[in-house]
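This report concerns only the one structure given below.
Residue numbers (this note's numbering): 71 to 946.
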């Protein structure tokens, strides 16, 4: 067997395809696995998360008040364990023998003391596994005939050097200039190699466009990716791509223009399958995290049945909480639609949503966390045989994550732990998730070229090398250990390289794509404003006059007159009126409400898009909050109050006691967002506001001698356009038998007072007309403003204690109804002709925008509530 071995080669492909049977190209993990297999040292896999929990037990057993890690371990045991385990693994890889030399620092002494515990509890690190190979390699033949290193032997950690010394290393690859020495690229290769070897240089390289070196830059990464895709598609000769950054964008663009994908495996912890477990665990805590619950239910993957998830998510968005009337209605609706699944659905709901929640301070029982994690694992396990290979791979990823977390939790349980706080649980899941998973829909395709994500993995010369997005790389940082500690570690075998040595080796790695280019080096710089790669700065210094070509010029043709002109297609401009095609007719809707009629009169284009076109925004984009939420909670609370037996007789402390209990319940069921961290002030403010409002309603109704209160009264009626429907907040009747409608608004006292004064209270007029059609009498109308505890009425005849808002019009409400009918007929005639007014404040009205005499004048609706604003057209 002939092996090519390098530090950066795991998962890379910086060489040409060839018949390589018995000639593998391996990185550290690949060679380690091969040697352990051949030597009979292969052991059951142990994840890093499991090792972290094992080391946590070591730290726990060795913990005393004078340990250097004691304070950190008390606050974050898992995070502390992960950090110290990485120290330990690094030390062992570089040759540490597990001991502390005389005079060592407290930190090294404590770490060495822990080794006596770790030897029996901790799965060995890579450094320890390499050390265990020494004796078997001395006694057995590895059957490796030749081993070629692509990195200098001194670049390898000490444990690797010890293993390589027992193998037949026959050559160490060196890199030199590959291009013609007379070209700009050839001269640059010589200059860069000499500079990195510390040789003296004379003069600079004069730039000339001989095609050997090309530097381009675009204003956006997408433009650059489209241009590179076209370059790859028209390639001549062998090509290699170096892509340290922006790999997903490049691969997606190659796929979009029908060029073979490279299969850049960019792992992310945010792939959908890996989000399910964290979201499922985030709903364990009290108070409930409404946003996490909404994400859990609206996620495309999840253990709650798909036929129920979206409906339940809609309830959470509208009424943020669990257990309220709307929540129960939707559950009953689901059970009516799927009666054969009702039993399983109830069990599923109880397990995943309607379960007990736990204090973040005390933590959740570890048994509960483990049960929930196993539930996610079993969910994915049941989908491992999916017929779609992409879905099957995604399910395997979720299954692997949940299995790893479950194993770590089982280890903690075996160590005697009984509970976990949110911080500890999040740290555990993060450790188990690691770097995440790739996009399984973006696997490499036949016809892809050689490519690497690390410049040091390009180990063969190519005719053309494309260095994609040559931005600032991640640089080796400083060690967390002092100089004295590094010297102490060296005395016990750990040869930890100086950061300057590590940086120098990275510099050699960066040179490989340059030196391994034979004909053309194409550097694609990141957009302006982003930090550049250090190697580009060197190139600029060596090559006098080199400048990046703007890709926008190349793409649009400003640099090439042979490209054809493309006629610009502008976006639709704003205009006040739309005209429908003659064959498009908008019919009457069977039933209208105040909200639809208000839009019909004042913003016809919104009405057309919302109702006939049925363009509606998702109800899952945000959780209801602010005044809308406060109003909803107030309506629910007051509805419950007037439905409660004997409620109207409650006064003083009895009223306050009833309110306190009901307010807490209503908020928990429909306003749980107010219970989340940071919302206590809002909670108390709303509590105070609604308490005052309820007391004022009682006072006003007592003064008006109200005998009957009907909350959330359904209303129905007719008008020339068809049926009318609505729901009045409160319909009341006094002892003389007269009725009044009270419409509750959370805020806006001045606005609604103005509506009464100007006879524009259309909502109340519609409700009054429906009640008039039912009873034959026009009811009195009023607004009650909850925020200011103010009852607004046209006069004091019905409500003697209300704030009277005088209107100069006698019989205001019946007259407003007639004005509405005239306005509706005017708008309907426009709709019948296919003419739609785009009533937006930025578009100047025309004479046709004025309502006819005797009609209710139109008004501009608030822009903040216009969901179709950007569909009205675009300005120049």
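Quick reminder that beta carbons are idealized off the backbone N, C-alpha and C, glycines included.
* For the segment 283-296 and the segment 320-339, state whether three or more C-beta atom pairs, one from each stretch, are separated by less than 8 Å. => Taking a cut-off of 8 Å on C-beta distances, the segment 283-296 touches the segment 320-339, as three or more cross pairs fall below it.
* Look up residue 507 in the DSSP assignment and give the residues it is bridged to. => Residue 507 is bridged to 338.
* **Contacts around residue 559, its chain only, beta-carbon distance under 7 Å, and the 5 residues preceding and following it disregarded** => If we look at residue 559 and ignore the five residues flanking it on each side, its Cβ neighbours are 161, 166, 178, 566.
* residue 208 lies in the beta strand (DSSP E); which residues open and close that run? -> Annotation for residue 208: no beta strand (DSSP E) segment contains it, though the alpha helix (DSSP H) segment containing it runs 204-209.
* **Contained beta strand (DSSP E) runs [length at least 3] in the segment 792-850, N- to C-terminal order** => Segments of the beta strand (DSSP E) lying fully in the segment 792-850: 792-804, 809-815.
* To do: Buried or exposed for residue 304, please, with buried defined as at least 16 other CB atoms from any protein chain shown within 10 angstroms of its CB.
  => It counts as exposed.
* Hey, out of 648, 82, 86, 426, whose CA is closest to residue 517's CA? -> Nearest neighbour of residue 517 by Cα position, chosen from 648, 82, 86, 426, turns out to be 86.
* **Pairwise C-alpha distance: residue 809 and residue 844** => Answer to the nearest angstrom: the Cα atoms are 12 Å apart.
* Asked: Under three-state DSSP, which class holds residue 568?
  -> For residue 568, the three-state secondary structure derived from DSSP is coil.
* Pick from 438, 408, 430, 411 that is closest to residue 422, judged by C-alpha positions -> Considering only alpha carbons, the answer is 438.
* To do: On a CA-only basis, which of 585, 263, 362, 794 is nearest residue 38? Give me that one, please.
  => Outside the shown range of the chain (71 to 946) lies residue 38, about which nothing can therefore be said.
* To do: Tell whether a beta-carbon distance below 8 Å holds between residue 187 and residue 256.
  => Cβ distance not < 8 Å, so residue 187 and residue 256 don't count as in contact.
* Asked: Roughly how many whole angstroms lie between the Cα atoms of residue 230 and residue 336?
  -> Rounded to whole angstroms, residue 230 to residue 336 spans 27 Å at the Cα level.
* Asked: Taking the C-alpha atoms as reference points, what is the distance between residue 510 and residue 467?
  -> Between residue 510 and residue 467, the alpha-carbon positions lie close to 10 Å from each other.
* Between residue 494 and the rest of its own chain, which residues show a CB-CB distance below 6 Å, the 5 nearest in sequence each way excluded? -> Annotation for residue 494: 148 place their beta carbon closer than 6 Å to its own, counting only its chain and skipping 5 residues before and after.
* Asked: Of all the alpha helix (DSSP H) runs that stay within the bounds of the segment 226-300, which reach a length of 4 or more residues?
  -> Within the segment 226-300, the runs of alpha helix (DSSP H) that reach at least 4 residues and sit entirely inside it are, in chain order, 228-235, 254-266.
* Asked: Taking the C-alpha atoms as reference points, what is the distance between residue 593 and residue 258?
  -> Distance between the alpha carbons of residue 593 and residue 258: 13 Å.
* **Cβ pair residue 119, residue 478 closer than 8 Å** => The answer is yes: Cβ separation under 8 Å.
* What is the DSSP secondary structure of residue 512, counted as helix, strand or coil? -> If DSSP states are grouped into helix, strand and coil, residue 512 belongs with the helices.
* Mind checking which residues open and close the alpha helix (DSSP H) that includes residue 401? => That run of the alpha helix (DSSP H) goes 395-407.
* **residue 679 versus residue 657 - alpha carbon distance** => The straight-line gap from Cα to Cα measures roughly 14 Å.
* Span of the alpha helix (DSSP H), counted from its first residue to its last, around residue 385 -> Where residue 385 is concerned, the enclosing alpha helix (DSSP H) stretches over 376-388.
* When the Cβ atoms of the segment 103-117 are set against those of the segment 77-92, are three or more pairs found closer than 8 Å? -> Contact fails between the segment 103-117 and the segment 77-92, because fewer than three Cβ pairs, one in each stretch, are under 8 Å apart.
* Rounded to the nearest angstrom, how far is the Cβ of residue 77 from that of residue 100, given a contact under 8 Å? -> The pair is not a contact, with the Cβ atoms about 12 Å apart (cut-off 8 Å).
* **Residues bridged to residue 775 (per DSSP)** => According to DSSP, residue pairing for residue 775 in a beta bridge does not occur.
* Once you ignore the five residues that flank residue 614 on each side, which residues in its own chain have a CB closer than 8 Å to its CB? -> Here the set comprises 274, 275, 276, 277.
* Whole angstroms is fine: what's the gap from residue 405's alpha carbon to residue 416's? => In a straight line, the C-alpha of residue 405 is about 9 Å away from that of residue 416.
* How would you write the range of the beta strand (DSSP E) that residue 589 sits in, first residue to last? -> Here the beta strand (DSSP E) through residue 589 covers 587-595.
* Measure the Cβ-Cβ separation of residue 743 and residue 778 and say whether it is below 8 Å. => No. Outside cutoff.
* Report all residues from its chain with a CB closer than 6 Å to the CB of residue 524; omit the five preceding and five following residues, and keep chain order. => Non-local beta-carbon contacts of residue 524 in its own chain, meaning distances under 6 Å to residues more than five positions away in sequence, involve 78 in chain order.
* Asked: Near residue 220, which residues of its chain fall below 6 Å by C-beta distance, leaving aside the five closest residues on each side in sequence?
  -> Apart from the 5 residues on each side of it in sequence, residue 220 sits with its Cβ closer than 6 Å to the Cβ of 76, 243, 529 in its chain, given in chain order.
* Asked: Do the CB positions of residue 233 and residue 207 come within less than 8 Å of each other?
  -> A contact, by the Cβ cut-off of 8 Å.
* **Unbroken beta strand (DSSP E) run spanning residue 219, endpoints** => Here the beta strand (DSSP E) through residue 219 covers 216-219.
* To do: Would you kindly check if the distance between the Cβ of residue 908 and the Cβ of residue 675 is under 8 Å?
  => Cβ atoms of residue 675 and residue 908: closer than 8 Å.
* Best match in 287, 721, 183, 543 for proximity to residue 619 [C-alpha to C-alpha] -> Answer by Cα proximity: 287.
* Compare the beta carbon distance of residue 443 and residue 475 with 8 Å and say whether it is the shorter of the two. => The answer is yes: Cβ separation under 8 Å.
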